[in-house]
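Peer 1: Heads up: the sequence shown is residues 834 to 957, going by my numbering. Glycine is no exception: its CB is placed at the ideal position from the N, C-alpha and C atoms.
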Amino acid sequence: MTEEVTRQTDVAPLPFPDLSLTVSYADALLYAQARLKMLGSGELKPFCETHQLTYTNIVNLKNGKLKREEPRLVQRVLGSLGLPAQQLRFPLSSKTTWFVLPDTEALASFQGQLQFLTTPEAEV
């Protein structure tokens, strides 16, 4: 019993998320799609194998052919792309998914990369 109580006290409490570090599902999806499209021919399958992602799901995500929103899949892809994110649903009465990035540096990097990835080629 004492060991169980000790283990419970070692677990860090879940803090309230910093809402200033959130990105929308739509932006996260757009980012993931663009980054996956950057992979060269033949690189997607090894990427999926390395990160234990289902190839068919990733192809559908990349090509915008998901049948419904897949926030867990987008979260896993973001993590595989070096951008760890926590899922968050708010407002509480909504089914809208947001992602909380770990810090302001990650948010700034995400925003800069997303802008680069979504800027028409003529403007680059």
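Hey, which unbroken runs of the beta strand (DSSP E) at 3 residues or more fall wholly within the stretch 904–950?
Peer 2: Listed in chain order, they are 919–922, 930–933.
Peer 1: For a quick check, are the C-beta atoms of Lys-895 and Leu-869 less than 7 Å apart?
Peer 2: Yes, these two residues count as a Cβ contact at 7 Å.
Peer 1: Below 6 Å CB to CB, which residues in the same chain sit around Leu-921 once its five sequence neighbours on both sides are set aside?
Peer 2: Pro-850, Trp-931, Val-933, listed in sequence order.
Peer 1: What do you get for Gln-885, buried or exposed, if any count of 16 or more other CB atoms within 10 angstroms of its CB means buried?
Peer 2: Flag for Gln-885 reads exposed.
Peer 1: Measuring CB to CB, does Pro-959 end up less than 7 Å from Pro-904?
Peer 2: Here the chain comprises residues numbered 834 to 957, so residue 959 is not present and cannot be evaluated.
Peer 1: With a threshold of 16 other CB atoms inside 10 Å of the CB of Arg-909, please say whether the residue is buried or exposed.
Peer 2: By the 10 Å Cβ count, Arg-909 comes out buried.
Peer 1: For Ser-853, which three-state DSSP category applies?
Peer 2: The answer is helix: DSSP assigns Ser-853 an H, G or I state.
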